[in-house]
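Read in order, the letters of the sequence shown are residues -27 to -1, 1 to 490 in mature numbering (1 follows the signal peptide of the UniProt record, and there is no 0). Here's the structure we're looking at; comments come further down.
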Amino acid sequence: MSSVLPLRAPHLTLSLALLCVFAPACGGDEIEVPPREGDAAWVVVGVRDVATDARELWAFDISEPDMVRLELRMSDEPSSLRGRTPWGSLIVNTGEGVGHSQQLRLDADGDPEWAPLLPAGANPRISSRVFDAAGERMFAASYDSSEDSQQIWMAEFEGGELVGGEQLASTAIPLSFRLTPSEDALLWFSTGDELYTPSPLMMAPLEPSLGPAEPLTEDSIDGFRVFGDKLFVLIFDFTAESEQATQLIPLSDLRAAATPGPTLGSFAGFNGVDLSEDGRWMCDIDDDEVRVIAFEGVDFGERIVVSPADRPLEGKCDLRRADTLLYPSGADKLVNAMVAVDLSGDAPGEAAVVAEAPGGLLEPTLSGDRERLVYLAVDGDTHRLEVAEFDAPGAPVVIAELTADEDNEFEVVDDRTILLVGAGEATDGRQLMHIDLGEGLDAAAATVTPLAGDLPTALRSSQPFGLTPAGDQVVLFAEPSGGEGFELWRTDALGGPSSPIRDGQGWSFGQLDFLAE
């Protein structure tokens, strides 16, 4: 087992000496940091400076409602956010060129610190990763001087602390990287060829013990997905023009001979196919028609067309909701309806329109519990934010109205919370709204709270924005009208006052995330 990889970026603590290294406001004097009254709450942003074009990473302590307790530039190297760990730390790529991947977390005092993600001996920059369900192991592909030559490592953690690891395999550029549902094997395929010649499906056994990597298919593959109790594998054939072969491999015996699966009507990979989580249904498309195939284990039936002639497909079929096929309908790249087909029985049910808007549906998004659909309905010069329940198809609830604008957008934060930003009768024609469906998740009883209406007249709400983990503040980038760059602001989630976190900074774009106790 390997030891822990030494840190390659400055280890940041809140000593006054290091504060003055990373906090430009220090000057030559020490600064007195006021005590924190409650739990730690930090917003972390990855930005590009307009003046210098440098990529920077900043952290701001917003645990106090009436002040920014502390601001820190977390590294003097180019940095960018790359996701989160299961225990809540942020994954950050730092450094020039290849650079290196680390985690940014809170220490015992609630202040940000760097900590390693990769064991000693591993290549420094992560290209692909997956964590186990317990958050105790990370499986990562990483590289150093060339992406074409990578290592696959298992890193072990206790409470988010890296305690060791082991290299499992070497690979070219990984194209898909995941654990089996029982977490007894790691699966991937890769390519290092500029002409795109992928590898077979590869496996590294994890249980009952670690084993050497081995191929599971004889052929090169173009993708794979977990499909209920089996793997659904797309076979790669560069000579194929109109059809693509597939194979099915039972998860109960990954070394078993693969069973030929249905032939796909186009060489579009998973762009034209979706699979239900329970392994019972596959959908694909052909000539604007939506078709499904029923499965039982590795056995499957004939294709059944489920889209009515008056509801042609305009997009991709979707099987993420249990026992439901969902697809967008329209013509000429205009989606004007979302159609659902019941798949709870042995045969598909009748198609039903869940949501419809003749002028178009924008950004149709499933809620986290997959019980409702959120979207912007186009009606002339108006965009309506609507919520449609699958239990009440065709009866959407209008939540808010905006002036039609290409920058109108929303974020489904969780099952009950939506953030909406768009054109309206607010500062400089932009408004931000916090929408709460309540404990009963009833769209008809939603509370809509306008936010950030007190921004200075030269600013307007923009992306990205995010709700703090405590749910009490919304942090947003504010865009100067006619100016260059963004400022960072926060506003009370219940409609209280707004205040700057960092104004006049001049950032050309932003990434945003949070660290909290």
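In this text, a Cβ means the ideal position worked out from N, Cα and C, and glycines have one as well. Computed from a predicted structure; not experimentally measured.
Item                                                                                                                : Value
Extent of the continuous beta strand (DSSP E) run through residue 517                                               : With the chain running from -27 to 490 in the structure shown, residue 517 is simply not present.
Any 3 or more C-beta pairs closer than 8 Å across the stretch 150 to 157 and the stretch 135 to 142                 : no
Stretch-stretch touch, CB-based, cutoff 8 Å, three pairs: the stretch 300 to 310 with the stretch 373 to 382        : no
Cβ neighbours of residue 192 in the same chain (closer than 6 Å, five flanking residues each side left out)         : 208
Reduced DSSP secondary structure (H/G/I, E/B, other) of residue 243                                                 : helix
Opposing strand residues paired with residue 462 [DSSP bridges]                                                     : 449, 473
CA-to-CA distance, residue 80 to residue 288, given in whole angstroms                                              : 46 Å
Selection from 480, 482, 447, 475 that minimises the alpha carbon distance to residue 469                           : 447
Buried/exposed call for residue 467, threshold 16 Cβ in 10 Å                                                        : exposed
Backbone CA spacing between residue 128 and residue 176 [nearest angstrom]                                          : 17 Å
Proximity to residue 45 [Cα-Cα], best of 96, 439, 360, 6                                                            : 6
Counted within 10 angstroms of its Cβ, other Cβ atoms place residue 97 as buried (16 or more) or exposed            : buried
Length at least 3, wholly inside the stretch 326 to 412: the beta strand (DSSP E) runs in chain order               : 334 to 339, 345 to 352, 355 to 362, 370 to 376, 382 to 385, 390 to 396, 403 to 409
Sequence-distant residues of the same chain with beta carbon closer than 6 Å to residue 259, five excluded per side : 238
CB contact flag (residue 145, residue 117, <8 Å)                                                                    : no
Every unbroken beta strand (DSSP E) inside the stretch 282 to 332 [3 residues or more]                              : 297 to 304, 307 to 315, 324 to 329
C-beta contact flag for residue 449 and residue 434 at 8 Å                                                          : yes
Cβ-based neighbour list, residue 476, same chain, cut-off 7 Å, excluding 5 preceding and 5 following                : 460
DSSP three-state assignment for residue 419, whether helix, strand or coil                                          : coil
DSSP-derived helix/strand/coil call for residue 481                                                                 : strand
Span separating the alpha-carbon of residue 388 from that of residue 58                                             : 22 Å
Those residues which DSSP pairs with residue 196 across a bridge                                                    : 207
Length of the line joining the Cα atoms of residue 267 and residue 114                                              : 35 Å
Minimum C-alpha distance to residue 232 - residue among 244, 203, 216                                               : 203
Residue 170: first and last residue of the uninterrupted beta strand (DSSP E) it sits in                            : Premise fails: residue 170 is in no beta strand (DSSP E) and is neither H nor E.
Residues near residue 399 in its chain [Cβ-Cβ closer than 6 Å; skip 5 each side]                                    : The predicted model places residue 399 with a pLDDT of 47, which falls under 50 and marks its position as unreliable; any figure quoted below should be read in that light. Once the five neighbours on either side are set aside, the close Cβ partners of residue 399 are 426.
Cβ separation of residue 334 and residue 368, assumed to be a contact under 8 Å, to the nearest whole Å             : In fact, because the Cβ distance is near 15 Å, the residues do not count as touching under 8 Å.
Whether residue 194 touches residue 171 by CB criterion (8 Å)                                                       : yes
Beta-carbon proximity list for residue 414, same chain, < 7 Å, skipping 5 on both sides                             : 388, 389
DSSP state of residue 261 mapped onto helix, strand, coil                                                           : coil
Check whether residue 49 and residue 43 have beta carbons under 8 Å apart                                           : no
Range covered by the beta strand (DSSP E) that runs through residue 51                                              : Counting along the chain, residue 51 falls outside any beta strand (DSSP E), and DSSP gives it neither H nor E.
Supposed contact pair residue 78 and residue 488 - C-beta distance, whole angstroms, cut 8 Å                        : 7 Å
Spatially closest choice to residue 319 from 370, 340, 265, 363, by CA coordinates                                  : 265
Which of helix, strand or coil DSSP assigns to residue 98                                                           : strand
Beta-bridge partners of residue 91, as assigned by DSSP                                                             : Looking at the DSSP assignment, residue 91 forms no beta bridge with any residue, so it has no partner.
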